[in-house]
Amino acid sequence: MDALVSDFFASENGHDCDSQSEVKSGNAGGFVPRRACAKKKKKSNGRHLKPSFKASNNAPYLPPEAEEGNIEYKLKLVEPTQSRLEHLVTQMKWRLQEGRGEAVYQIGVEDNGMLVGLSEDDMRASLTTLHKMAEKVGADMTILRHSEVDYDADQPHTIAEVLIRKVPDDQQFLDLRVAVLGNVDSGKSTLLGVLTQGELDNGRGRARLNLFRHLHEIQSGRTSSISFEILGFNSKGEVVNYSESRTAEEICESASKMITFMDLAGHHKYLKTTIFGLTSYCPDFAMLVVSANTGIVGTTWEHLGFAMALKVPIFIVISKMDLCARCIVERTVRQLERVLKQPGCNKVPMLIANTDDAVAAAQQFAQSPNITPVFTVSSVSGENLDLLKVFFNIIPPLSNSKEQEELMQQLTEFQVDEIYTVPEVGTVVGGTLYSGICREGDHLVVGPTDSGRFHKLTVGSIQRNRSACRVLRAGQAATLALGEFDRTLLRKGMVMVSPEMDPTICWIFEAEIVLLFHSKTFHKGFQVTVHTGNVRQTATVEAIYGKEELRTGEKAVVQFKFIKHPEYLKVGAKVLFREGVTKGIGHVTKLEPIAQDPPGAP
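Numbering (this note's numbering), first residue to last: 1471 to 2072.
This is the structure we're talking about:
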């Protein structure tokens, strides 16, 4: 701990104006510049403060501390009594539980958000106390950033932001899913290859070869299926990837936090696969990759629109900086800013220029849906890749522990997204556990079949990220071995549920929709491909209530009927439909359930 604190103050004393604590234009909710920087910055401090700050006697503010969440403000922690220390440890356990294993402490900040700062001795003592607290709960401590508070004070005062990370006893690691979107040839697979393999690209796509699943993908260089890659971080915030680990199982054992990337197809021909990945796999975030030399072209517009329509928080990575001049990169950034700020998006772009920006962006991004971080990177030179890794390391989960507990208390519901046959194992299904808990040996029913029936089955083994797992919890993705269960009875879009559940199966459903685009008129008898959850099937428009037809931008309640087999749906589920250039979105408002046979009935 002494070495950690010494490094903290050594870096502070040697700090210059270009270091991470300096506030850039994109730093929302960040610290103010250091006193050590040029005096001319003192006059402009008011302009650097973000709208969420408020000035009072030149003292900047953060938003007031929230009772819920994983962020804790502490003015100072200097030599607390034993009873006080026990109270602080209990408080830390609560914050870690709220953040599902992660908590952020702001030292030198009052509960109302005022950045007061501490002297060097008080900061040293406070960090030592915080380290003792972390040791008592079995957590690791990492200093994210620090800065001097620059307002009327005789002595320099410092504030620090500290990450506390602990893997909960009842789970292997914190897992976040990131969907990777972008136009074909924008560098999505190459970027993921560099992040997960730990080696830079050679400029000709060598880094992406390990991500491809089919021979034609290697030959064409274009992704046509959904592939998964993992990037881990240990409790100290260090990267764990294939550069130091040979297998995914080793990464899972070493990591406290796991980022699972879903590499989606960029070509318009595979748009249905991309939409299926967004609707079925329930990503926590979406990473839109834009090539610096081409800007927003092709399917980039559609991918951005789908992510926003499905309310998936999105951040942007501008790739291939090494291919073009700085002025071209700046032009692409300006183009993105114009798109994000237009009325249809209403986003606030935040250009990430240093580590301080990346830390602030990760916290702001999870709290406000309007914040959109923008990174500029190169997979060949490695420029700014460290900032992207810092962002992934700090970004918190969207759901808190209370929401997770509520989902786990519900009956088991597993969405079937992939089906395999593995030698010596048998039938294997991959997907996401929507609610409840699933254990090895659990008895479930799977369906619906073409006739609306459900079949009994028993869960064999469970694997997450290619490593064995005893218990699967709500929100986690995994593969389940079903032994000798007949694969021909399974299809994508089915669900595996608890026998106690009474699933609603229907041919016909109603949805309140908005027609995003249609070249002519949308009317009764029109056929579209409906995406809702893991369901993807063609449906016919049976009726449009209150109107004869719909045009682009209009709303209505529409009745749909599946044409091939009944599906399991829920009221309130998001619906996305498409046919050629026709696109629309809405939510299910009413179901017309069909009668079911008992599970396993002939």
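Built from N, CA and C at the ideal position, the CB exists for glycine as well.
- prompt: How is the beta strand (DSSP E) around Ala1573 delimited, first residue to last?
  reply: Here residue 1573 refers to the residue found at position 103 of the sequence shown. It spans 1572 to 1577 - the beta strand (DSSP E) in which Ala1573 sits, taken as one unbroken run.
Beta-bridge pairing of Leu1950 - partner residues as DSSP gives them: Position 480 of the sequence shown, counted from the first residue, corresponds to residue 1950. Val1899, Ile1932, per the DSSP bridge assignment.
message: Taking the alpha helix (DSSP H) that Val1799 belongs to, which residues open and close that run?
response: Along the sequence shown, one-based indexing puts residue 1799 at 329. Run containing Val1799: 1796 to 1811, per the alpha helix (DSSP H) assignment.
Span of the beta strand (DSSP E), counted from its first residue to its last, around His1787: Stepping through the sequence shown from its first residue, residue 1787 is reached at position 317. According to the sequence displayed, residue 1787 carries Val and not His. Where Val1787 is concerned, the enclosing beta strand (DSSP E) stretches over 1784 to 1789.
message: Please state the DSSP three-state secondary structure of Gly1702.
response: Numbered from its first residue, the sequence shown carries residue 1702 at position 232. If DSSP states are grouped into helix, strand and coil, Gly1702 belongs with the strands.
message: Using the three-state DSSP reduction, which class does His1988 fall into: helix, strand or coil?
response: Taking the first residue of the sequence shown as position 1, residue 1988 is located at position 518. Per DSSP, reduced to three states, the secondary structure at His1988 is coil, with no helix or strand assignment.
- request: Assign Glu2062 to one of two classes, buried (16 or more other C-beta atoms within 10 Å of its C-beta) or exposed (fewer than that).
  value: Along the sequence shown, read from residue 1 onward, the residue named residue 2062 stands at position 592. Of the residues assessed, Glu2062 falls on the exposed side of the cut-off, its CB having fewer than 16 other CB atoms within 10 angstroms.
- prompt: Can the beta-carbon of Val1782 be found less than 8 Å from the beta-carbon of Ala1823?
  reply: Translated into positions along the sequence shown, residue 1782 becomes position 312. Translated into positions along the sequence shown, residue 1823 becomes position 353. No, the pair does not count as a contact, with Cβ atoms beyond the cut-off.
task: Using alpha carbons as the reference points, say which of Asp1826, Phe1955, Val1967, Gly1922 lies closest to Arg1909.
output: Within the sequence shown, the letter at position 439 stands for residue 1909. Cα-wise, what sits closest to Arg1909 is Val1967.
field: Residue of Ser1789, Gly1707, Val2000 minimising C-alpha distance to Phe1862
entry: Here residue 1862 corresponds to residue number 392 of the sequence shown, with the count starting at 1. It is Gly1707 whose Cα lies nearest to the Cα of Phe1862.
query: At a cut of 8 Å, does the segment 1991 to 2001 reach the segment 1924 to 1935 through at least three beta carbon pairs?
result: These segments do not touch.
field: For Arg1454, the three-state DSSP class (helix, strand or coil)
entry: Residue 1454 lies beyond the stretch modelled for the chain, which goes from 1471 to 2072, so this question has no answer here.
query: Roughly how many whole angstroms lie between the Cα atoms of Gly1945 and Leu1868?
result: Taking the sequence shown and counting its residues from 1, the one referred to as residue 1945 is at position 475. Taking the sequence shown and counting its residues from 1, the one referred to as residue 1868 is at position 398. Inter-residue distance for Gly1945 and Leu1868 is about 11 Å (C-alpha atoms, whole angstroms).
field: Cβ-based burial, Ser1553 [other Cβ within 10 Å; buried from 16]
entry: Locating residue 1553 in the sequence shown gives position 83, counting from the first residue. Counting the other Cβ atoms within 10 Å of the Cβ of Ser1553 gives fewer than 16, which makes it exposed.
- request: Tell me whether Pro1530 is buried or exposed, calling it buried when 16 or more other Cβ atoms sit within 10 Å of its Cβ.
  value: Walking along the sequence shown from the start, residue 1530 turns up at place 60. With a threshold of 16 other beta carbon atoms within 10 Å, Pro1530 meets it and is buried.
message: Measuring CB atoms only, is the segment 2009 to 2025 touching the segment 1735 to 1753, in the sense that at least three cross pairs come out at less than 8 Å?
response: The segment 2009 to 2025, when compared against the segment 1735 to 1753, does not touch it at the 8 Å Cβ threshold.
Buried/exposed call for Gly1726, threshold 16 Cβ in 10 Å: As a position in the sequence shown, residue 1726 is number 256, starting the count at 1. Residue identity differs from the one stated: residue 1726 is Ser in this sequence, not Gly. Here Ser1726 is buried: its Cβ has 16 or more other Cβ atoms, across all protein chains shown, within 10 Å.
query: Can you name, in chain order, every residue of its own chain whose Cβ lies under 7 Å from the Cβ of Thr1660, other than the five neighbours on each side?
result: Counted from its first residue, the sequence shown places residue 1660 at position 190. Closer than 7 Å at Cβ, skipping near neighbours: Asp1671, Gly1675, Ala1677, Arg1678, Ser1849.
task: Output the boundary residues of the alpha helix (DSSP H) element that contains Glu2012.
output: Looking up residue 2012 in the sequence shown gives position 542. It is not in any alpha helix (DSSP H) - Glu2012 instead sits in the beta strand (DSSP E) that spans 2005 to 2015.
message: Could you compute how far the alpha carbon of Ala1595 sits from the alpha carbon of Arg1565?
response: Position 125 of the sequence shown, counted from the first residue, corresponds to residue 1595. Position 95 of the sequence shown, counted from the first residue, corresponds to residue 1565. The alpha-carbon atoms of Ala1595 and Arg1565 are separated by roughly 21 Å.
message: Per DSSP, what are the beta-bridge partners of Tyr1543 in this structure?
response: Locating residue 1543 in the sequence shown gives position 73, where the first residue counts as 1. Listed as beta-bridge partners of Tyr1543 by DSSP are Gln1576.
field: Euclidean distance between Cα positions of Phe1643 and Thr1666
entry: Looking up residue 1643 in the sequence shown gives position 173. Looking up residue 1666 in the sequence shown gives position 196. Per the coordinates, the alpha-carbon of Phe1643 lies some 17 Å from the alpha-carbon of Thr1666.
query: Which of helix, strand or coil does DSSP assign to Gly1652?
result: As a position in the sequence shown, residue 1652 is number 182, starting the count at 1. DSSP, read as helix, strand or coil, puts Gly1652 in strand.
field: Where Leu1960 sits in the DSSP three-state scheme
entry: The residue labelled residue 1960 in the question sits at position 490 within the sequence shown. Of the three classes helix, strand and coil, the one that applies to Leu1960 here is coil, per DSSP.
message: Using 8 Å for Cβ pairs, my map puts Thr2010 next to Phe1979. What's the rounded Cβ distance?
response: Residue numbering aside, residue 2010 sits at position 540 when the sequence shown is read from its first letter. Residue numbering aside, residue 1979 sits at position 509 when the sequence shown is read from its first letter. The beta-carbon distance between Thr2010 and Phe1979, rounded to whole angstroms, is 12 Å. This is too long to meet the 8 Å contact definition.
message: Rounding to the nearest angstrom, what Cα-Cα distance links Ser1750 and Asp1887 in this structure?
response: Residue mapping note: residue 1750 aligns to position 280 of the sequence shown, counting from 1. Residue mapping note: residue 1887 aligns to position 417 of the sequence shown, counting from 1. Taking the straight line joining both Cα atoms gives about 7 Å.
message: I need the boundaries of the beta strand (DSSP E) containing Thr2022, first residue and last residue.
response: By 1-based counting over the sequence shown, the position of residue 2022 is 552. Neither: Thr2022 is in no beta strand (DSSP E) and is coded neither H nor E.
message: With distance defined between alpha-carbon atoms, name the residue in Glu1568, Val1548, Val1759 nearest to Glu1590.
response: Counting from one through the sequence shown, the residue named residue 1590 turns up at place 120. Out of Glu1568, Val1548, Val1759, Val1548 has the C-alpha closest to the C-alpha of Glu1590.
- prompt: In three-state terms, what does DSSP make of Arg1909?
  reply: In the sequence shown, the residue the question calls residue 1909 occupies position 439. Arg1909: strand per DSSP, three-state reduction.
- request: Consult DSSP for Met1732 and reduce its assignment to one of helix, strand or coil.
  value: Start at 1 with the first residue of the sequence shown, and residue 1732 comes out as number 262. Met1732: strand per DSSP, three-state reduction.
task: Evaluate Asp1856 with the Cβ neighbour count: other Cβ atoms within 10 Å of its Cβ, from every protein chain shown; 16 or more gives buried, anything less gives exposed.
output: Stepping through the sequence shown from its first residue, residue 1856 is reached at position 386. The residue is exposed, with fewer than 16 neighbouring Cβ atoms inside 10 Å.
query: Leu2061 by DSSP, collapsed to three states: which one?
result: Walking along the sequence shown from the start, residue 2061 turns up at place 591. The answer is strand: DSSP assigns Leu2061 an E or B state.
message: Rounded to whole angstroms, what is the Cα-Cα separation between Gly1852 and Leu1985?
response: Position 382 of the sequence shown, counting from 1, holds the residue named residue 1852. Position 515 of the sequence shown, counting from 1, holds the residue named residue 1985. When rounded, the separation of the alpha-carbon atoms in Gly1852 and Leu1985 is 42 Å.
- prompt: From this set, Thr1769, Val1860, Leu1903, which residue's C-alpha is nearest Gln2080's C-alpha?
  reply: As shown, the chain starts at 1471 and ends at 2072. That puts residue 2080 outside it, with no answer to give.
task: For the beta strand (DSSP E) holding His2001, just list the boundary residues, first then last.
output: Counting from one through the sequence shown, the residue named residue 2001 turns up at place 531. In the DSSP assignment, His2001 falls within the unbroken beta strand (DSSP E) covering 1997 to 2002.
Three-state secondary structure (DSSP) of Leu1793: Along the sequence shown, read from residue 1 onward, the residue named residue 1793 stands at position 323. Helix at Leu1793.
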